[in-house]
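Numbering (numbering that gives the first Met the number 0), first residue to last: 0 to 312.
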Amino acid sequence: MPLYWRVCLINGLMFVAGTTALALAPVTVSATVLQSEAVILVVGLIAIVVLNSILLRTSLAPLDRLVRLMDTVDLQRPGKRLSEAGGGAVGHLVQGFNAMLDRLESERGRSNAKALAAQEAERHRIARELHDEIGQGLTAVLLGLKGLEAGTPPKLRQALEEVQETARATLDEVRGVARRLRPGVLEDLGLQSALAALATDFSAHGLQVRRVTSPGLPELGSERELVIYRVAQEALTNAARHAQARTVRLSLHRQGAAVVLSVDDDGNGLRGAEEGTGIRGMRERALLIGAELTVGPGETGTSVRLRVPLEAG
0 MPLYWRVCLI NGLMFVAGTT ALALAPVTVS ATVLQSEAVI LVVGLIAIVV
50 LNSILLRTSL APLDRLVRLM DTVDLQRPGK RLSEAGGGAV GHLVQGFNAM
100 LDRLESERGR SNAKALAAQE AERHRIAREL HDEIGQGLTA VLLGLKGLEA
150 GTPPKLRQAL EEVQETARAT LDEVRGVARR LRPGVLEDLG LQSALAALAT
200 DFSAHGLQVR RVTSPGLPEL GSERELVIYR VAQEALTNAA RHAQARTVRL
250 SLHRQGAAVV LSVDDDGNGL RGAEEGTGIR GMRERALLIG AELTVGPGET
300 GTSVRLRVPL EAG
């Protein structure tokens with residue numbers, strides 16, 4: 000029965016019940032209402048209102064739960080559903096809403112997978128161009144400057160050395176950017192070596208990274224290893240740029256049927272700020288492999304936990 004007719008029926012039944020009670024009950028109302036008669040009328044009115052409220056509340060309660068879920072639903076934290084108990088129009092509405100969430104989460108997962116795959120491909124292309132074109136061009140410049148050094152007058156030699164040093168520093172920076180864009184060590188030597196190189200890279204820029212890894216970690220596959228690497232990279236970047244941390248503890252260990260990545264810093268913490276694009280990107284990557292990402296306050300700063308199940312979800 001549609002909700003509109005259900006409400007009309009409930010109210011109609013209540014009026015019929017009240018009319019029947021007045022018609023059959025041995026109670027009359029004087030021209031001047033007596034106190035006892037007023038008490039009976041008030042009690043009857045209260046009973047009708049209370050029963051009507053209870054019946055309407057029972058019928059409309061699923062709508063209230065649906066509204067509350069709409070206010071709190073977050074596709075980056077999937078799995079929230081309403082109980083589909085009951086039938087009628089409200090039950091069909093709840094079923095339709097749950098089915099809509101299923102479709103949205105499925106479509107979002109597929110679109111995010113394509114977007115992240117395209118992002119990784121673009122990173123690889125830019126890293127290759129940086130290494131092959133700009134890197135080789137700067138190398139040629141350094142070799143040319145080296146060849147000019149022998150015939151340079153002593154007055155210009157110091158300036159030439161300064162230009163060489165600038166070109167060498169620029170070449171190192173280009174290579175560092177290319178490494179961050181495309182973690183070749185991850186493909187060649189594995190996850191633990193890639194995390195070690197990542198920690199060394201950040202330590203060279205002033206952030207003290209203490210790395211703790213458990214030996215004998217199981218094979219996770221290239222997709223899950225890439226997600227772990229990118230989450231660690233983003234967490235270290237946030238600690239260095241935004242949290243103004245001095246030290247970070249980076250750990251990777253096995254915990255039951257999962258591998259857990261932990262990044263704890265001693266920075267300023269979240270301080271109630273909304274999640275930025277970096278944290279949202281980490282959540283998107285975690286959803287792709289069925290992992291669970293937790294970002295919150297730690298003992299001294301911010302704590303990032305990525306729990307990756309060993310069995311694919």
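Ideal placement from N, C-alpha and C gives every residue a C-beta, glycine not left out.
From the options, residue whose alpha carbon lies closest to that of residue i
i    : options                   : result
H204 : L216, E172 and G220       : E172
V6   : L33, A37, L54 and V38     : L54
R248 : Q207, D101, E273 and G134 : Q207
A98  : R107, A114 and R80        : R80
I133 : Q157, R174 and E160       : R174
G300 : I288, G275 and L235       : L235
L170 : S202, L185 and Q135       : Q135
T18  : T31, W4, V38 and G43      : G43
Q254 : L305, E274 and R240       : L305
N10  : R107, E128, L137 and V49  : V49
M13  : L197, E274, E104 and I47  : I47
A285 : G108, R102, D101 and D63  : G108
Bridge-paired residues (DSSP) for residue i
i    : result
R306 : V259 and E291
S110 : Per DSSP, none; premise fails for S110.
H252 : V259
T301 : P296
T246 : Q207
D313 : Only positions 0 to 312 of the chain appear in this structure, which leaves residue 313 out of reach.
Proximity below 8 Å, CB of residue i to CB of residue j
i    : j    : result
G266 : A238 : yes
A177 : A126 : yes
E222 : L190 : no
E291 : A256 : no
R209 : L194 : no
L180 : R245 : no
V307 : L219 : yes
L287 : A112 : yes
V93  : L65  : yes
L159 : L147 : yes
A168 : V184 : no
Cβ-heavy atom distance, residue i to the ligand PLP, below 7 Å
i    : result
A193 : Annotation note on the ligand PLP: not contained in the displayed structure, which lists no ligands.
Extent of the continuous alpha helix (DSSP H) to which residue i belongs
i    : result
N210 : Residue identity check: residue 210 is Arg in the sequence provided, not Asn. Taken as a continuous stretch (DSSP letters only), R210 belongs to no alpha helix (DSSP H), being part of the beta strand (DSSP E) at Q207 to T212.
A242 : Segment: none, A242 is in no alpha helix (DSSP H) and carries neither H nor E.
E148 : Q135 to E148
D187 : G183 to L188
Worksheet item: Within the chosen definition, does the region 150 to 170 reach the region 207 to 218 through at least 3 CB pairs nearer than 8 Å?
Response: no
Worksheet item: Can at least three beta-carbon pairs, one atom from the region 151 to 159 and one from the region 257 to 264, be found at a separation below 8 Å?
Response: no
Worksheet item: Taking three-plus beta-carbon pairs below 8 Å as touching, is the region 221 to 229 in contact with the region 280 to 296?
Response: yes
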